[in-house]
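Protein sequence lines, in the order shown, are assigned to chains S and U. Numbering-wise, numbering that gives the first Met the number 0 puts 434 at position 435 of the first sequence, and it's gapless, one number per residue. Numbering-wise, numbering that gives the first Met the number 0 puts 23 at position 24 of the second sequence, and it's gapless, one number per residue. Ideal placement from N, C-alpha and C gives every residue a C-beta, glycine not left out.
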Amino acid sequence: MTRAQRAHRGPRWSRPAAGLVAVALAATGLAACGSEGGTSGGSKTITLSMQTANVQKSDPATYQIVKAFEKKNPGIKVNLTGQPVDQHEQQMTIAAQSHTLPDVFWVYNSLAQTMAKNGNLLDLTPVLAQNQLKAKFPPSMLAGYRRGALQYGVPYQALVTGLYYNKKILAKYGLALPKTFDDLLQVAKVLHSHGVVTISQGANQSSFSVWAFLTMLDRFGWEQKQAGLLDGSISYDNPDFLRLYEHVAELAKAGAFPENMTTQNYQQAVDAFTGGKAAMLDSGVWAAGAIQASPVGNDVGFWAGPTFADGVGKQELVMNAPSAPLVVSAAVGKNKTKLDAVTKFLQFYYSDAGQQLLVDNAQTPVTTYQPTGPAVQKPVFASVLAALHAPGWTSPSAQPDLVVSAAASTAIYESMYGVMEGVLSPKQALQNVAPTIKPAG
Amino acid sequence: MNWLSRRWQAALMLAPALLVYTVYVVYPVGYSIFYSFTDYNGVTEAKYVGTANYRHMADDSLFWSSMRNTMVVLGVAVVLLVPLAFLLAVLLSSRIRGAGVLRALIFAPAIVAPILVGLIWVFILDPHIGLANAFLASLGFTGPEWIGGTSLTPVSVALVYTWQTVGFIMTIFYAGIRMMPRDVLEASQLDGATRWQQLRYVTVPMLQESFAICTVLAITGVFKIFELVYVLTGGGPIHLSEVLVSYMYYVTFQLQNYGYGLALAVVVCVLGAVVSLAYLGFRRRSARA
Numbered sequence: 000m001t002r003a004q005r006a007h008r009g010p011r012w013s014r015p016a017a018g019l020v021a022v023a024l025a026a027t028g029l030a031a032c033g034s035e036g037g038t039s040g041g042s043k044t045i046t047l048s049m050q051t052a053n054v055q056k057s058d059p060a061t062y063q064i065v066k067a068f069e070k071k072n073p074g075i076k077v078n079l080t081g082q083p084v085d086q087h088e089q090q091m092t093i094a095a096q097s098h099t100l101p102d103v104f105w106v107y108n109s110l111a112q113t114m115a116k117n118g119n120l121l122d123l124t125p126v127l128a129q130n131q132l133k134a135k136f137p138p139s140m141l142a143g144y145r146r147g148a149l150q151y152g153v154p155y156q157a158l159v160t161g162l163y164y165n166k167k168i169l170a171k172y173g174l175a176l177p178k179t180f181d182d183l184l185q186v187a188k189v190l191h192s193h194g195v196v197t198i199s200q201g202a203n204q205s206s207f208s209v210w211a212f213l214t215m216l217d218r219f220g221w222e223q224k225q226a227g228l229l230d231g232s233i234s235y236d237n238p239d240f241l242r243l244y245e246h247v248a249e250l251a252k253a254g255a256f257p258e259n260m261t262t263q264n265y266q267q268a269v270d271a272f273t274g275g276k277a278a279m280l281d282s283g284v285w286a287a288g289a290i291q292a293s294p295v296g297n298d299v300g301f302w303a304g305p306t307f308a309d310g311v312g313k314q315e316l317v318m319n320a321p322s323a324p325l326v327v328s329a330a331v332g333k334n335k336t337k338l339d340a341v342t343k344f345l346q347f348y349y350s351d352a353g354q355q356l357l358v359d360n361a362q363t364p365v366t367t368y369q370p371t372g373p374a375v376q377k378p379v380f381a382s383v384l385a386a387l388h389a390p391g392w393t394s395p396s397a398q399p400d401l402v403v404s405a406a407a408s409t410a411i412y413e414s415m416y417g418v419m420e421g422v423l424s425p426k427q428a429l430q431n432v433a434p435t436i437k438p439a440g
Numbered sequence: 000m001n002w003l004s005r006r007w008q009a010a011l012m013l014a015p016a017l018l019v020y021t022v023y024v025v026y027p028v029g030y031s032i033f034y035s036f037t038d039y040n041g042v043t044e045a046k047y048v049g050t051a052n053y054r055h056m057a058d059d060s061l062f063w064s065s066m067r068n069t070m071v072v073l074g075v076a077v078v079l080l081v082p083l084a085f086l087l088a089v090l091l092s093s094r095i096r097g098a099g100v101l102r103a104l105i106f107a108p109a110i111v112a113p114i115l116v117g118l119i120w121v122f123i124l125d126p127h128i129g130l131a132n133a134f135l136a137s138l139g140f141t142g143p144e145w146i147g148g149t150s151l152t153p154v155s156v157a158l159v160y161t162w163q164t165v166g167f168i169m170t171i172f173y174a175g176i177r178m179m180p181r182d183v184l185e186a187s188q189l190d191g192a193t194r195w196q197q198l199r200y201v202t203v204p205m206l207q208e209s210f211a212i213c214t215v216l217a218i219t220g221v222f223k224i225f226e227l228v229y230v231l232t233g234g235g236p237i238h239l240s241e242v243l244v245s246y247m248y249y250v251t252f253q254l255q256n257y258g259y260g261l262a263l264a265v266v267v268c269v270l271g272a273v274v275s276l277a278y279l280g281f282r283r284r285s286a287r288a
């Protein structure tokens with residue numbers, strides 16, 4: 000074939016190629032239309048993406064708030080989606096890169112801070128100013144989600160954590176509910192001698208499940224040390240924290256933790272507790288409903304955790320801090336219709352009606368709303384509320400893992416599990432964490 | 000008959016495959032290599048950090064423990080998997096009753112999702128609630144920490160990987176044995192060769208290519224193991240049972256350290272290719288000698 004012949008043939012085969020390009024462009028256009036969403040047929044749609052695969056089942060409070068909101072605002076539809084937390088975090092990261100973030104979404108604070116720094120998130124100050132919504136929050140609930148003047152998030156739910164305990168198991172072995180660490184150690188020794196697990200824990204794919212021990216960090220002066228830890232003037236490897244880790248090692252030595260802690264996950268730890276195979280469970284208020292519905296439901300109480308004779312500062316601490324935030328994509332601010340819909344949704348979420356729906360699903364309110372109704376009468380949830388409102392007990396302003404980077408929080412979790420599993424000495428555990436503590440974001 | 004033999008026709012026919020290959024292989028690999036030289040965290044702008052991520056590996060004890068675990072899995076899997084698959088293929092290609100059913104049973108784990116394989120084996124290998132140690136206990140022995148301890152997990156992962164893959168590798172050998180010319184075997188039989196001699200001097204030499212393919216598949220498979228570790232131990236305790244891919248996942252997606260995670264991905268990719276090519280080179284030299 001001559002050059003001239005090839006030149007002549009060129010346009011003929013370029014036609015199908017042009018056709019392909021046109022089809023591709025059309026497909027891209029359609030996809031773009033799909034992702035734009037917003038309004039259709041006179042109704043507005045907002046997207047809400049959560050950190051659980053089955054929101055209706057695993058996070059009924061959010062599901063019911065969405066349904067109640069849609070009922071109250073017939074012109075607005077909430078497209079509620081969810082996926083397991085790891086996948087969710089990945090997807091939100093990718094969505095931030097491709098500017099396809101959902102309108103409202105749950106995210107860990109460390110990633111939220113990175114997104115806020117990158118300009119991916121909407122400043123919620125004007126939203127909170129409407130109807131004096133901001134006044135409904137205790138100041139500590141919003142402070143953790145601020146970057147300078149930017150209020151990039153609002154608390155999704157309150158993080159009330161501690162140890163659930165089975166009264167029947169304790170009574171069976173003649174044990175009273177411990178108050179101090181020494182009491183707890185004694186309980187662990189007695190229960191272990193009878194082959195009973197004291198604290199149900201599960202590290203497999205859930206190393207974050209050390210909530211009660213994070214509060215113990217506060218009982219060894221985390222809050223006083225926090226600024227120094229973050230600016231590097233205080234090391235995580237310090238004598239106070241070492242004493243705490245030594246206590247964790249004492250518990251491990253006393254057989255307080257399950258032998259299969261490494262291979263079982265958090266849900267299996269919950270199942271062991273609700274199946275009556277463990278005396279205590281390291282968990283939080285989110286588990287109250289499931290525990291209430293379980294065979295041990297009527298025998299369970301909630302304990303904020305032990306006080307320490309050698310602790311630092313106030314010992315009467317119960318964790319009631321904001322959990323991960325709900326954040327809003329910065330793109331929402333460029334679409335007035337959508338912004339109005341999102342504002343209405345957040346106003347409803349934090350209204351008394353919205354907070355009562357939280358309470359109805361065994362979650363404590365994140366605002367100053369005083370809950371009522373039959374839910375607060377259920378023994379497990381009532382015991383959580385009782386621990387929260389116990390005279391003289393107060394909450395740290397934030398859970399320690401939520402003020403450091405993802406790497407540092409993971410290192411803290413793993414340092415605790417490392418000592419519980421006997422893989423790390425207390426000193427090694429502290430040394431593993433120390434270099435990872437840096438300001439998040 | 001029209002032959003589509005012109006260069007542009009060939010190019011046009013290759014284009015879809017090349018496009019898919021470029022989008023799903025070339026681009027991601029290039030993307031990974033590029034970002035492995037940055038401090039990318041997945042969200043904010045990436046800054047070029049030179050070879051810092053690669054140099055960091057030298058001091059990263061978890062990287063080295065993941066490497067050691069991967070090599071243990073590789074060693075155990077290759078030593079066990081290929082000979083076992085070959086022996087099963089030889090056994091099942093002979094006229095034994097129920098060979099078809101046995102082949103299907105041995106192949107079955109290969110079609111089960113690795114996540115499910117992991118879940119099945121957790122209930123067998125868990126040192127405290129697993130069947131393996133319960134069985135040993137019934138015989139009066141104390142079972143070891145198959146998973147969840149600090150030493151045996153990679154061996155257990157290799158055993159589970161072997162169990163999962165042996166049926167697939169066996170099928171390749173089986174196909175090779177079935178395709179062998181029967182007259183060669185008959186000739187050796189007429190010459191008085193025993194069954195063992197036939198195997199040693201006829202079957203094995205004639206299946207050299209199958210051995211090469213199966214070994215490379217076993218090696219590359221080891222460098223892709225993720226779900227088994229994820230389900231069996233989650234990499235614990237404190238990441239001491241991670242293999243390279245699960246450690247890469249942890250660094251990239253849980254620590255959000257995309258730069259370092261992608262550097263790990265590049266190393267895993269290069270390592271898999273180097274080990275496979277080294278094996279093939281070794282085989283070629285052995286064949287020439």
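Taking 7 angstroms as the threshold (beta carbon to beta carbon), is V422 (chain S) in contact with chain U? Stepping through the first sequence from its first residue, residue 422 (chain S) is reached at position 423. Yes, V422 (chain S) lies at the interface with chain U (some Cβ there is under 7 angstroms from its Cβ).
Is the number of C-beta pairs between the stretch 44-57 of chain U and the stretch 259-277 of chain U that are closer than 8 angstroms three or more? yes
Measuring CB to CB, does W105 (chain S) end up less than 7 angstroms from Q185 (chain S)? As a first step, residue 105 (chain S) is located in the first sequence; it is residue number 106 there, counting from the start. As a first step, residue 185 (chain S) is located in the first sequence; it is residue number 186 there, counting from the start. For W105 (chain S) and Q185 (chain S), no; Cβs fall outside 7 angstroms.
Alpha carbon to alpha carbon, how far is A21 (chain S) from S97 (chain S)? As a working mapping, residue 21 (chain S) is identified with position 22 in the first sequence. As a working mapping, residue 97 (chain S) is identified with position 98 in the first sequence. Any reading at A21 (chain S) needs caution, since the residue's pLDDT is 37, under 50, leaving its predicted position unreliable; the model's value is listed next. Straight-line Cα distance between these residues: approximately 23 angstroms.
Sort out for me which residues DSSP pairs A131 (chain U) with in a bridge. Sequence index remark: in the second sequence, residue 131 (chain U) carries index 132 (1-based). DSSP, once it has assigned bridges, lists no residue as partnering A131 (chain U).
Contact set between the stretch 141-155 of chain U and chain S, restricted to residues whose Cβ is under 7 angstroms from the partner: I146, G147 and T149
Any chain S beta carbon closer than 7 angstroms to I123 (chain U): On the second sequence, residue 123 (chain U) is found 124 positions in, with the first residue counted as 1. No, no contact with chain S.
DSSP on E35 (chain S), reduced to helix/strand/coil? Position 36 of the first sequence, counted from the first residue, corresponds to residue 35 (chain S). Confidence in E35 (chain S) is poor, its pLDDT being 40 and thus under 50, which makes the residue's placement unreliable; the coordinate value appears in the next sentence. Three-state DSSP puts E35 (chain S) in a helix.
Report the residue from U:A107, U:R94 and U:L118 whose alpha carbon sits nearest the alpha carbon of N264 (chain S). The sequence position of residue 264 (chain S) within the first sequence is 265, counting from 1. Selected option, being the one with the closest Cα: U:L118.
In this structure, does DSSP put M0 (chain S) in helix, strand or coil? For this step, residue 0 (chain S) is matched to residue 1 along the first sequence. In this predicted model, M0 (chain S) has a pLDDT of only 37, less than 50, meaning its place in the structure is not dependable enough to derive any value.
Nearest-angstrom Cα separation, counted from S275 (chain U) out to G129 (chain U): Within the second sequence, numbered from 1, the residue matching residue 129 (chain U) stands at position 130. Within the second sequence, numbered from 1, the residue matching residue 275 (chain U) stands at position 276. Cα to Cα, G129 (chain U) sits roughly 35 angstroms from S275 (chain U).
Alpha carbon to alpha carbon, how far is V72 (chain U) from I218 (chain U)? Locating residue 72 (chain U) in the second sequence gives position 73, counting from the first residue. Locating residue 218 (chain U) in the second sequence gives position 219, counting from the first residue. V72 (chain U) and I218 (chain U): Cα-Cα distance of roughly 10 angstroms.
For T141 (chain U), which option in U:P204, U:M247 and U:N132 has the closest C-alpha, if you only look at C-alpha atoms? Translated into positions along the second sequence, residue 141 (chain U) becomes position 142. The candidate whose alpha carbon is nearest that of T141 (chain U) is U:N132.
Would you mind reading off the limits of the beta strand (DSSP E) that contains N165 (chain S)? Here residue 165 (chain S) is taken as the residue at index 166 of the first sequence, counted from 1. Element bounds for N165 (chain S): A157 to N165.
Run the CB neighbour count on N78 (chain S), radius 10 Å, all protein chains shown included, and call it buried at 16 or more, exposed below. For this step, residue 78 (chain S) is matched to residue 79 along the first sequence. When all chains shown are included, N78 (chain S) counts as exposed.
Can you tell me which of S:F212, S:G143, S:A286 and S:M279 puts its alpha carbon nearest to the alpha carbon of A478 (chain S)? Not covered by the structure: residue 478 (chain S). The range shown for chain S is 0 to 440.
Note down, in chain order, each residue of its chain lying with its Cβ closer than 7 angstroms to the Cβ of G443 (chain S), except the 5 sequence neighbours on either side. Not covered by the structure: residue 443 (chain S). The range shown for chain S is 0 to 440.
Can you name, in chain order, every residue of its own chain whose Cβ lies under 8 angstroms from the Cβ of N165 (chain S), other than the five neighbours on each side? Locating residue 165 (chain S) in the first sequence gives position 166, counting from the first residue. Once the five neighbours on either side are set aside, the close Cβ partners of N165 (chain S) are F272, G275, A277, A278, M279, V295, D298 and V299.
Should T261 (chain S) be flagged as near chain U, meaning a C-beta pair shorter than 7 angstroms? Taking the first sequence and counting its residues from 1, the one referred to as residue 261 (chain S) is at position 262. Yes, T261 (chain S) counts as interfacial toward chain U.
With 16 as the cutoff for other CB atoms within 10 Å, does Q362 (chain S) come out buried or exposed? If you number the first sequence from 1, residue 362 (chain S) lands on position 363. So Q362 (chain S) ends up on the buried side.
Collapsed DSSP secondary structure at W195 (chain U) in the structure displayed: Residue 195 (chain U) sits at position 196 when you count from the first residue of the second sequence. W195 (chain U): helix per DSSP, three-state reduction.
In angstroms, rounded to a whole number, what distance separates the CA positions of R5 (chain U) and A16 (chain U)? Within the second sequence, the letter at position 6 stands for residue 5 (chain U). Within the second sequence, the letter at position 17 stands for residue 16 (chain U). Cα to Cα, R5 (chain U) sits roughly 18 angstroms from A16 (chain U).
Does the beta carbon of L18 (chain U) sit closer than 7 angstroms to a beta carbon anywhere in chain S? Against the second sequence, residue 18 (chain U) aligns to sequence position 19. No, L18 (chain U) does not count as interfacial toward chain S.
In whole angstroms, what is the alpha-carbon distance linking N259 (chain S) and Q188 (chain U)? Taking the first sequence and counting its residues from 1, one reaches residue 259 (chain S) at position 260. Taking the second sequence and counting its residues from 1, one reaches residue 188 (chain U) at position 189. Computed Cα separation, rounded: 56 angstroms.
For A428 (chain S) versus S414 (chain S), is the C-beta distance shorter than 7 angstroms? On the first sequence, position 429 is the one that residue 428 (chain S) refers to. On the first sequence, position 415 is the one that residue 414 (chain S) refers to. Contact: yes.
Anything in chain S within Cβ reach of T43 (chain U), meaning under 7 angstroms, just list it in chain order. Taking the second sequence and counting its residues from 1, one reaches residue 43 (chain U) at position 44. Chain S residues near T43 (chain U): T113, K116 and N117.
Whether or not the stretch 147-163 of chain S and the stretch 313-327 of chain S are in contact is what I'm after, with contact meaning three or more pairs of Cβ atoms, one per stretch, closer than 8 angstroms; do they touch? yes
Member of S:V84, S:P59 and S:A406 whose CA lies at the smallest distance from the CA of Y259 (chain U): Along the second sequence, read from residue 1 onward, the residue named residue 259 (chain U) stands at position 260. Ranking the options by Cα distance to Y259 (chain U), first place goes to S:A406.
Alpha-carbon to alpha-carbon, P177 (chain S) and H193 (chain S): Here residue 193 (chain S) is taken as the residue at index 194 of the first sequence, counted from 1. Here residue 177 (chain S) is taken as the residue at index 178 of the first sequence, counted from 1. Going by the C-alpha atoms only, they are around 18 angstroms apart.
Neighbour flag for H127 (chain U) against chain S, beta carbons, 7 angstroms: Taking the first residue of the second sequence as 1, we reach residue 127 (chain U) at position 128. So, interface residue.
Report yes if the C-beta distance between T46 (chain S) and P101 (chain S) is below 7 angstroms; otherwise report no. As a working mapping, residue 46 (chain S) is identified with position 47 in the first sequence. As a working mapping, residue 101 (chain S) is identified with position 102 in the first sequence. In contact: T46 (chain S) and P101 (chain S) (Cβ atoms closer than 7 angstroms).
How about A271 (chain S): is its C-beta nearer than 7 angstroms to some C-beta of chain U? As a working mapping, residue 271 (chain S) is identified with position 272 in the first sequence. Chain U contact via Cβ: absent.
Distance check for A268 (chain S) and S208 (chain S), CA to CA, integer angstroms please. Translated into positions along the first sequence, residue 208 (chain S) becomes position 209. Translated into positions along the first sequence, residue 268 (chain S) becomes position 269. C-alpha separation (whole angstroms): 10 angstroms.
Let me know the secondary structure DSSP gives L79 (chain S) once reduced to three states. Within the first sequence, numbered from 1, the residue matching residue 79 (chain S) stands at position 80. Of the three classes helix, strand and coil, the one that applies to L79 (chain S) here is strand, per DSSP.
When you compare only the Cα positions, how much space is there between A95 (chain S) and L401 (chain S)? As a working note, residue 95 (chain S) is residue 96 in the first sequence. As a working note, residue 401 (chain S) is residue 402 in the first sequence. About 21 angstroms.
Which same chain residues end up closer than 7 angstroms to A381 (chain S) when comparing Cβ atoms and leaving out the 5 residues on each side of it in sequence? Walking along the first sequence from the start, residue 381 (chain S) turns up at place 382. Same-chain partners within the cutoff: V375.
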